[in-house]
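Visitor:
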Amino acid sequence: MASNGGAHKFLSVILRVCEIGCGAIVMGILGHFTYILGDYNAHADGRIVYAMVVAGLAIIYSFLLVLPFNVLFKAFPIDFILFVMWLIAFALLANRAGTCSGDWYWSYWFRYWNIYDNFWDDWYEYNEYPGGSGCGFWRTVLAFSFIGMVLHLLSGILGAYVVQNYRRLRDGTPTPATRTERLFGRRPKAVAAGQNVGMRSTGPSVV
Numbered sequence: 001m002a003s004n005g006g007a008h009k010f011l012s013v014i015l016r017v018c019e020i021g022c023g024a025i026v027m028g029i030l031g032h033f034t035y036i037l038g039d040y041n042a043h044a045d046g047r048i049v050y051a052m053v054v055a056g057l058a059i060i061y062s063f064l065l066v067l068p069f070n071v072l073f074k075a076f077p078i079d080f081i082l083f084v085m086w087l088i089a090f091a092l093l094a095n096r097a098g099t100c101s102g103d104w105y106w107s108y109w110f111r112y113w114n115i116y117d118n119f120w121d122d123w124y125e126y127n128e129y130p131g132g133s134g135c136g137f138w139r140t141v142l143a144f145s146f147i148g149m150v151l152h153l154l155s156g157i158l159g160a161y162v163v164q165n166y167r168r169l170r171d172g173t174p175t176p177a178t179r180t181e182r183l184f185g186r187r188p189k190a191v192a193a194g195q196n197v198g199m200r201s202t203g204p205s206v207v
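Counting from 1, position 195 in the sequence shown corresponds to residue 195 in UniProt numbering; the numbering is continuous, with no gaps.
1) How many Å lie between Glu128 and Ile48 at the Cα?
2) Pick helix, strand or coil for Ala143, following the three-state DSSP scheme.
3) What's the C-alpha gap between Ile157 and Tyr50?
4) Check whether the stretch 54 to 67 and the stretch 17 to 36 touch, using three or more Cβ-Cβ pairs below 8 Å as the test.
5) Note down the Cα distance separating Val66 from Leu11, rounded to an integer number of angstroms.
6) Give me the residue from Trp138, Ile78 and Leu37 with the minimum Cα distance to residue 208.
7) Spatial neighbours of Leu72 within its chain, please: C-beta separation below 6 Å, excluding the five flanking residues on both sides.
8) Rounding to the nearest angstrom, what Cα-Cα distance links Tyr105 and Ala160 in this structure?
9) So, helix, strand or coil for Ile60, using DSSP?
10) State the DSSP-derived secondary structure class of Phe69, mapped to helix, strand or coil.
11) Where do the ends of the alpha helix (DSSP H) carrying Asp79 lie?
12) The alpha helix (DSSP H) with His32 in it runs from where to where?
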């Protein structure tokens, strides 16, 4: 791609680094939780597994495209796919426990997240900080899932803009006559007549 501007490259690097950070945070928290589940032979909720898969794919993809080469902007459709995947992951997790409450949160997330501590100490902590010590981590997962979703949407829009702008520069800015010719497959009569008159008036004169 032949583009002289560097702002889109700088913005792309910032977005990719932030995408990697969001994916790493979600993967780290959910990975720690599944590690606890493994110690107690408890099953991992399918929604958590799906969110970890999305986070892993986002990390790998953003890491591979973090360098601001113009040709990499052509991969913008994948950003829209990851946007949809993050959207689904966020919706699934928020549907489980949008806040630190509900049967699933108390019997699953709160129970296993605080399983290494004394339950009654955590219960006392809940009275001081509603949701217990796991609440902040759960809200962090939701927050960075949403942020990652938005970042990939912005990367997709940026990539689509850069690719479309390159195509306009490559093909040249079409004039109204060119647009009409492309639309109807022929030149407008007024333009053609004007060109014919011009050719006759500028033709070689006979002395």
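Quick reminder that beta carbons are idealized off the backbone N, C-alpha and C, glycines included.
Guide: Reading it off the structure:
1) Stepping through the sequence shown from its first residue, residue 128 is reached at position 128. Stepping through the sequence shown from its first residue, residue 48 is reached at position 48. Legend: pLDDT at Glu128 = 46, less than 50; position of this residue unreliable, value from coordinates given subsequently. Distance between the alpha carbons of Glu128 and Ile48 is about 28 Å.
2) For the purposes of this step, residue 143 is identified with residue 143 of the sequence shown, where counting begins at 1. Assigned with DSSP and collapsed to three states, Ala143 falls in helix.
3) Position 157 of the sequence shown holds residue 157. Position 50 of the sequence shown holds residue 50. Straight through space, the alpha carbons of Tyr50 and Ile157 are spaced by roughly 25 Å.
4) Put simply, the stretch 54 to 67 touches the stretch 17 to 36. At least three CB pairs are less than 8 Å apart.
5) Along the sequence shown, one-based indexing puts residue 66 at 66. Along the sequence shown, one-based indexing puts residue 11 at 11. Val66 and Leu11: Cα-Cα distance of roughly 11 Å.
6) No answer is possible for residue 208: the residues shown for the chain start at 1 and end at 207.
7) If you number the sequence shown from 1, residue 72 lands on position 72. Its chain contains Leu65 as the residues whose beta carbon lies nearer than 6 Å to that of Leu72, once the 5 sequence neighbours on both sides are disregarded; these appear in chain order.
8) As a first step, residue 105 is located in the sequence shown; it is residue number 105 there, counting from the start. As a first step, residue 160 is located in the sequence shown; it is residue number 160 there, counting from the start. Their Cα atoms are separated by approximately 40 Å.
9) Indexing the sequence shown from 1 puts residue 60 at position 60. In the structure shown, Ile60 sits in a helix (DSSP, three-state: H, G or I).
10) Position 69 of the sequence shown, counting from 1, holds the residue named residue 69. Looking at Phe69 - three-state DSSP - the assignment turns out to be coil, as it is neither helix nor strand.
11) Here residue 79 is taken as the residue at index 79 of the sequence shown, counted from 1. Segment Phe76 to Arg96, the alpha helix (DSSP H) holding Asp79.
12) Here residue 32 refers to the residue found at position 32 of the sequence shown. DSSP places His32 in the uninterrupted alpha helix (DSSP H) bounded by Ala7 to Asp39.
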